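Taking it in order: structure first as structure tokens, then the write-up.
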Amino acid sequence: MSHSTASSSTETIPQIVSPITAHQLNNAIPQKLKFNKIRTSLELKLVEPVIFFRGKPEEAVGCVLRGDLILNLAKDTNIRKLVMKFVGKTKTHWREDKKSISEEREIISHTWEFINSSKKSNYNNTINPFRIKSLTNKFSNSSLNSSSTYNSSSSYKTPLSSGSHTYPFELFLPGSLPESANTELGTVTYYLKAKAYRSRLSPKIRISQDVEILRTLPDHINSQGIGFSREFDNLLSYEINIPKKAYPLGQKIPIDMKISPYIKKLKVTGVRIQVMEKTTYTSCGQKVTDSREVAKQNLETFGKNKLMDDEEDGDIGNVFYQQTMDLTLPKCLRPVHYSCTTPLISVAHDLKFSFLISLPRDPNVQNSIKHAELKISVPITILSCKAIEDYVILPSYEDDSFYCPCHPEYLRMARLVLGESEGNRVETCYNGGYNHHKLNVQRYNYNRAPPSYEDSVVEI
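Heads up: the sequence shown begins at 741 in this note's numbering, then just goes up one per residue.
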């Protein structure tokens, strides 16, 4: 018997796999393995990154601090309490004769209670009187203390679902508040500090953020500029004109100078302009001062002009010297502080002009050419590098503009691009790694306020 074997070939049929949708993939992953985009934290978002006061403390109208406190929860959480505090402090500290001298004052304090389950009261707001006396008087030790309470439940805990919970806030800041300052021996600081209390075994959720207050001159005052003319010892007259009274750090100051000789053969051979900074600190009734040069610019040639070409050079009234130059101010990252007057810290700036003058030779005396130096001091207001017009007006959120290195957004991007350590180094550089010459300390036991910026001081 013969058996016939039938050979069969096995054909592989390709399987068609339908694509998995994102919804199916999401359902296939166990709940515990899913990536949670929300991290339990607190965020602070301010509407105005910098608060600007216009004018002196006694005339500034103030401004509103406003923003959102955002509570991010990765899961449903019972919150016992959510509070935030705005605090302003000023402090000075130095050593003298092996003794430490320091003083600290609280300027303002305000508390918001967004959630407080242990209380059964409605929203309330109380403000205690606060005033800062004029700059010529001592700073009042009283401070602005206020509180706001938001109650949503009378139970012991307030259950909140996972996600982001936003709590808007606002606070009127009087224009009499001193501006922020960060000098070598003293500071004026403002900050927001928020805490969220969970169960007693869970750590608190915290956040803290600095708030910067700056002061500028009103436009109608700043546009008046600086201009004056004087006569000097029957030898010459001089004029100095500057378009504005105040300039931000990093900007250029256009200066127009003119000298008209009253005697023949008088020549102007050059000029040196210095920016001098004087910082006065007060602590426990004592004062110290630090005076130093923060910028300098030399001009070797000075423009010579004639009113009439056919007259001789030596004719009185025909020759005058006139020159226009731009003085560049240091940038904000350098150890230079903007002008300010606060209860314990005062920073003032002067422009010092030194004109080099050659007097005519006396024919009766050999080698009688004399060289003289005319010195003039002019007070000027130096503003923060943030006090530029575009910044004060606040551009739109879509505007991709340049950030100053001291801007919080610049520091945030520096951490993202350079890493946390390098970003912190950049911030430390801005916040004050001062290392200049030793202080020239002078003692004062009397209360005398520094001169106002509007006063014209001329030293010969």
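Using N, Cα and C, we set each Cβ at its ideal position, and we do this for glycine too.
Everything numeric in this text was worked out from a predicted model, so none of it was measured.
- Taking all protein chains in view, the Cβ of Pro797 is crowded by 16 or more other Cβ atoms within 10 Å, so the residue is classified as buried.
- Secondary structure of Asp1030 (DSSP, three-state): strand.
- Under the three-state reduction of DSSP, Ile961 is assigned to helix.
- The three-state reading of DSSP puts Tyr1078 in coil, since its state is none of H, G, I, E or B.
- Looking at the DSSP output, Gly915 sits in no beta bridge, so it has no partner there.
- Of all C-beta pairs linking the segment 945-952 to the segment 968-980, fewer than three are shorter than 8 Å, placing the two stretches out of contact.
- Note on Ala986: 16 or more other CB atoms within 10 angstroms of its CB, so buried under the neighbour-count rule.
- The beta carbon of Pro983 lies closer than 7 Å to those of Gly965, Pro994 in the same chain, with the five residues before and after it left out.
- Contact between the segment 1020-1028 and the segment 993-1012 is absent, with fewer than three C-beta pairs closer than 8 Å.
- In chain order, Lys998, Ile999, Ser1000, Asn1045 place their CB closer than 7 Å to the CB of Phe1060, counting only its own chain and leaving out the 5 sequence neighbours on each side.
- Classified as buried, Cys1072 has 16 or more neighbouring CB atoms from the shown chains inside 10 Å of its CB.
- The C-alpha of Pro1070 lies about 29 Å from the C-alpha of Ala1112.
- With respect to the C-alpha of Pro1100, the residue from Leu786, His1077, Lys1092, Leu975 having the closest C-alpha is Leu975.
- Contact check between the segment 900-909 and the segment 918-926: fewer than three CB pairs, one atom from each, fall below 8 Å, which does not count as touching.
- By DSSP's assignment, Phe1095 forms a beta bridge with Val1011, Leu1114.
- Linking Asp837 to Leu1084 through their CA atoms gives a straight-line distance of about 21 Å.
- Using a Cβ distance threshold of 8 Å, Thr780 and Leu813 count as a contacting pair.
- DSSP lists Lys829 as the beta-bridge partner residues of Glu846.
- The criterion of a C-beta distance shorter than 8 Å is not satisfied by Leu782 and Phe909.
- When the five nearest sequence neighbours on each side are left out, the beta carbons in the same chain lying within less than 8 Å of the beta carbon of Ser977 are those of Ser969, Arg970, Glu971, Ile999, Ser1000, Tyr1002, in order along the chain.
- Comparing alpha-carbon positions, the option among Lys897, Cys1024, Pro958, Leu786 lying closest to Thr1121 turns out to be Pro958.
- If only uninterrupted beta strand (DSSP E) runs of at least 3 residues are considered, those enclosed by the segment 959-1000 are 966-972, 976-982, 986-988.
- For Arg946, the secondary structure class from DSSP, reduced to helix, strand or coil, is strand.
- Pro914 and Gly1025 have their alpha carbons spaced roughly 26 Å apart.
- For the 8 Å CB-CB criterion, Arg794 and Lys897 do not form a contact.
- Relative to the Cα of Thr1041, the nearest Cα in the group Leu1096, Tyr1078, Ser1031, Asn818 belongs to Leu1096.
- For Lys785, the uninterrupted beta strand (DSSP E) run begins and ends at 781-786, by DSSP.
- Per DSSP, the unbroken beta strand (DSSP E) holding Ala936 starts and ends at 926-937.
- Thr898 has Ile819 as its beta-bridge partners, per DSSP.
- For Val1076, the CB contacts under 7 Å within the same chain, skipping 5 residues up- and downstream, are Leu989, Glu1017, Val1034, Pro1070 in chain order.
- DSSP places Ser857 in the coil class of the three-state scheme, outside both helix and strand.
- Between the alpha carbons of Asp996 and Leu1067 lies a distance of about 11 Å.
- Lys839 and Val1028 have their C-alpha atoms spaced approximately 14 Å apart.
- A direct Cα-to-Cα measurement between His1089 and Ser1124 gives close to 13 Å.
- By the Cβ-count criterion, Arg955 is buried, with 16 or more other Cβ atoms from all chains shown falling within 10 Å of its own Cβ.
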